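Take a look at the structure set out below.
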Amino acid sequence: MNPEERIKELRKEIEYHNNLYYTEDTPEISDFEYDLKSLELRALEESYPQFADVDSPTKKVGGEVKRGFRKVVHDVPVISLQDVFSRGEIENFVTKAEEELKALGDEAPVFVVEKKIDGLTVVLRYHDGKLTEAVTRGDGSVGESVYENCLEIRGIPHALKEKLPYVEVRGEVYMTKTNFEKTNMRQRETGGQIYQNPRNTAAGSLRQLDPSIVKERGLDIFLFNLEISEGKTFETHSETLEWMKTQGFPISPDYRKCIGAEAVWKAIEDIAKDRWDLEYGIDGAVVKVDSLESRRKLGITSKVPRWAAAYKYEPEKTETVVREIAVQVGRTGRITPLALFEPVNIAGSTVSKATLHNQDYIDAKDVRVGDTVVVQKAGDIIPEVVSVVAEKRPKATVRYVMPDRCPVCGGPVVREESAAEYRCISDDCYGKQIRKLTYFASKDAMDIENFGPSAAQSLYDEGFVEDFADIYELANVREALISAGTVGREKSVDNLLAAIERSKANDVSKLITGLGIRNIGKQSAKVLASSFGNLWEIAEADFEAFRNLPDFGDIASKDLVEYFVEEKNLELLKKLESLGVNMNSLAEENKNGTSFEGLTFVLTGTLPTMTRNEAGKIIEDLGGKVSSSVSKKTDYVLAGEEAGSKLTKAQSLGVKIINEEEFLGMIR
Numbered sequence: 137m138n139p140e141e142r143i144k145e146l147r148k149e150i151e152y153h154n155n156l157y158y159t160e161d162t163p164e165i166s167d168f169e170y171d172l173k174s175l176e177l178r179a180l181e182e183s184y185p186q187f188a189d190v191d192s193p194t195k196k197v198g199g200e201v202k203r204g205f206r207k208v209v210h211d212v213p214v215i216s217l218q219d220v221f222s223r224g225e226i227e228n229f230v231t232k233a234e235e236e237l238k239a240l241g242d243e244a245p246v247f248v249v250e251k252k253i254d255g256l257t258v259v260l261r262y263h264d265g266k267l268t269e270a271v272t273r274g275d276g277s278v279g280e281s282v283y284e285n286c287l288e289i290r291g292i293p294h295a296l297k298e299k300l301p302y303v304e305v306r307g308e309v310y311m312t313k314t315n316f317e318k319t320n321m322r323q324r325e326t327g328g329q330i331y332q333n334p335r336n337t338a339a340g341s342l343r344q345l346d347p348s349i350v351k352e353r354g355l356d357i358f359l360f361n362l363e364i365s366e367g368k369t370f371e372t373h374s375e376t377l378e379w380m381k382t383q384g385f386p387i388s389p390d391y392r393k394c395i396g397a398e399a400v401w402k403a404i405e406d407i408a409k410d411r412w413d414l415e416y417g418i419d420g421a422v423v424k425v426d427s428l429e430s431r432r433k434l435g436i437t438s439k440v441p442r443w444a445a446a447y448k449y450e451p452e453k454t455e456t457v458v459r460e461i462a463v464q465v466g467r468t469g470r471i472t473p474l475a476l477f478e479p480v481n482i483a484g485s486t487v488s489k490a491t492l493h494n495q496d497y498i499d500a501k502d503v504r505v506g507d508t509v510v511v512q513k514a515g516d517i518i519p520e521v522v523s524v525v526a527e528k529r530p531k532a533t534v535r536y537v538m539p540d541r542c543p544v545c546g547g548p549v550v551r552e553e554s555a556a557e558y559r560c561i562s563d564d565c566y567g568k569q570i571r572k573l574t575y576f577a578s579k580d581a582m583d584i585e586n587f588g589p590s591a592a593q594s595l596y597d598e599g600f601v602e603d604f605a606d607i608y609e610l611a612n613v614r615e616a617l618i619s620a621g622t623v624g625r626e627k628s629v630d631n632l633l634a635a636i637e638r639s640k641a642n643d644v645s646k647l648i649t650g651l652g653i654r655n656i657g658k659q660s661a662k663v664l665a666s667s668f669g670n671l672w673e674i675a676e677a678d679f680e681a682f683r684n685l686p687d688f689g690d691i692a693s694k695d696l697v698e699y700f701v702e703e704k705n706l707e708l709l710k711k712l713e714s715l716g717v718n719m720n721s722l723a724e725e726n727k728n729g730t731s732f733e734g735l736t737f738v739l740t741g742t743l744p745t746m747t748r749n750e751a752g753k754i755i756e757d758l759g760g761k762v763s764s765s766v767s768k769k770t771d772y773v774l775a776g777e778e779a780g781s782k783l784t785k786a787q788s789l790g791v792k793i794i795n796e797e798e799f800l801g802m803i804r
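The following block contains the structure:
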């Protein structure tokens, strides 16, 4: 391949991976592989300037601004750092900076070495000490406002101790490994998508239109740069870090100041030793000149600062042998192949399987049972097969082909047009039915407590439940349930029935989520509920009406239309409505009369049929505020049994006290 063809090919590949990484948050290759492609393209463009192109990805930073967010122009351009991959490159960077500064009459520079947190860059703005804006990197010049979402990140102070006229700081939003595992555990329980790594999950969460998702997933932040501080000056970067720490920011952890290339390299090696034991992901180390004046002297190129470099660690890899390729069936019938291999220790833990995604992925890597494969952890978390060691392949291996029959029900498996996915299309597939029921009752959907995977399977196996509507007829067979012990004895059955009854009053967004319509998740369901008055208005809408909604594309719009065209789906919805399941949008009811806008509630004691969290969610959905303490500004105290001191204080202040029955009357 000649240089011009290779340049064109690399540009196309990098643009494709940029979109997956920055916009879709679903990368297909590791950061290290991406960096190598970018490095090759830059080298080729420098060697063959006749093929220069202003639209080349090497001339851009980050991704496009996503539809649905307000655009914000950056006060300080968010530029990338120069990537390096070897000790020699680090030594060259340090030596070059030392020589240039010496020629300008400066002393030997101090360098700061920091962990390169694997997350999503965010710029925070404070006016007179108050948080006023939060902006993603975007394309480096224009980002997207994620202010409301950042209010839910616990490490971001809403107010600073020093009320400077204007402060702008830059940090990295990330998800801890513990919270990532918790999120994926919830996804498994509900039959949802399993996320690939913490970085992409954090990025995807921060770019949702629902701040509660950020709060639920427990995102965190480390601040690593002070961009603007009107009214206060600093001489060094390390001073700015310490000042940010006094203002309540969690700063770049365990940074180290060094003099000379040897000390810098030692700091990089020390970070590498501990990287697998950290609660957060890192993909390298950043080396910066500490003196802010020296930075100004060194300046920047058209794309990167000349006073900083990012050393990228190569992912840890190891070899193992594929013993089996198995398949799993999801709630939508999607068939996912898994490589089961000899257990190996990699990046601090033992792994024995990795997803192979689909037939195209398997064909591209030509993975076969019996192969020796190279395995790494994508984002240092999710195991993935990197390549096959061809010279170690046994002679008897055969190409793997996805099954044409479902391994659970024996029904037909088909490949979808214009997609790489294979699906079981049998409506009676046992595996699909159990996952559908579990997902319908999950927290993100109808939130029916005590209706987990084991309860769903037992109720389905014993003939109590076949579809969603049957769940709401279980009260009619209470005695039979108690006698059979399917979900436990009397108390367990009554708890389940009470949870089912409570779920009838959910906002229609919860029902839409629970229906499991392809490509319609929790956030899409909320957009639908806030855009239409009830489920029947949604059912009657057309493709264009859906396509014009925030963050709705052609695929999701098409899937919605197809779902509501099916007569059996409409019959199921009519049955659910006849059984008392709410079909209306609480957001619409709020507009039409029921509103807690401007009202503050305090919840105390044990309520008869709902938890305080459930009551609080209803209040917030209707525009109200839930406070943890009673004051003269409290409008209502919702009190249950054993209310305690909050009830006493409410009585002394003359605050109106209501019980659950009165509360339900208000929302009706």
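Positions 137 to 804 (my numbering) are the ones given, in order, by the sequence shown.
Ideal Cβ placement from N, Cα and C applies to all residues, glycine included.
Fair warning: this is a prediction, and the values are worked out from it, not measured in the lab.
Listed as beta-bridge partners of V220 by DSSP are Y447.
The C-beta distance from I364 to E304 rounds to 4 Å, short enough to fall under 8 Å. Bridge partners of A338 according to DSSP: none are assigned. In the DSSP annotation of this structure, C542 is not part of any beta strand (DSSP E), being labelled neither H nor E.
Per DSSP, the unbroken alpha helix (DSSP H) holding Q495 starts and ends at Q495 to K501. Nearest neighbour of A462 by Cα position, chosen from G469, Q344, L492 and R551, turns out to be L492. E181 sits buried, since 16 or more C-beta atoms from the chains shown fall within 10 Å of its C-beta. With 16 or more other Cβ atoms from the protein chains shown falling within 10 Å of its own Cβ, Q344 counts as buried. About 6 Å separates the Cβ atoms of L573 and V601, confirming a contact at the 8 Å cut-off.
When rounded, the separation of the alpha-carbon atoms in A490 and A611 is 43 Å. Assigned with DSSP and collapsed to three states, H263 falls in strand.
Excluding residues up to 5 positions away in sequence, R625, E626 and V629 lie with their Cβ nearer than 8 Å to the Cβ of I618 in the same chain.
When the five nearest sequence neighbours on each side are left out, the beta carbons in the same chain lying within less than 7 Å of the beta carbon of D603 are those of L708, in order along the chain. Annotation for K711: the continuous alpha helix (DSSP H) segment containing it runs E703 to S714. For Y699, the closest of N684, P386, M719 and A677 by C-alpha to C-alpha distance is A677. In this structure, G340 keeps its C-beta atom at 8 Å or more from the C-beta atom of L296. Segment contact: the segment 679-689 against the segment 632-644, fewer than three CB-CB distances shorter than 8 Å; contact not assigned.
Around the beta carbon of D419, 16 or more other beta carbons lie within 10 angstroms, which makes this residue buried. Distances from the CA of D507 to each of A483, Y447, S488 and V457 were compared; the closest alpha carbon is that of V457. Within the segment 752-785, the beta strand (DSSP E) runs of at least 3 residues that lie entirely inside it are, in chain order, 761-763 and 772-775. Each of A397, P193, G780 and V282 was checked against the Cα of V208, and the nearest Cα belongs to V282. Contact check for T742 and E777: beta-carbon distance about 5 Å, within the 8 Å limit, so the pair qualifies. In the structure shown, the three-state DSSP call for Q344 is coil. Taking 3 residues as the shortest admissible run, the segment 620-663 contains no complete beta strand (DSSP E) segment at all. Between K144 and Y497, the alpha-carbon positions lie close to 23 Å from each other. Note: L735 is not bridge-paired with any residue in the DSSP secondary-structure output. In its chain, beyond the 5 residues on either side, D356, I357 and P386 have a beta carbon closer than 6 Å to the beta carbon of G291.
Straight across, the Cα-Cα distance linking L359 with R178 is about 30 Å. For the pair E609 and V503, the Cα-to-Cα distance works out to about 48 Å. Bounds of the alpha helix (DSSP H) holding F679 are F679 to R683. The three-state reading of DSSP puts L355 in coil, since its state is none of H, G, I, E or B.
Comparing alpha-carbon positions, the option among A556, K173, I755 and K568 lying closest to Y152 turns out to be K173. Runs of beta strand (DSSP E) with 3 or more residues, each lying fully within the segment 582-608, are absent. T372 places its beta carbon 8 Å or farther from that of D406. Taking a cut-off of 8 Å on C-beta distances, the segment 749-756 does not touch the segment 777-795, as fewer than three cross pairs fall below it. P451 sits close to K513, with the two beta carbons spaced by under 8 Å.
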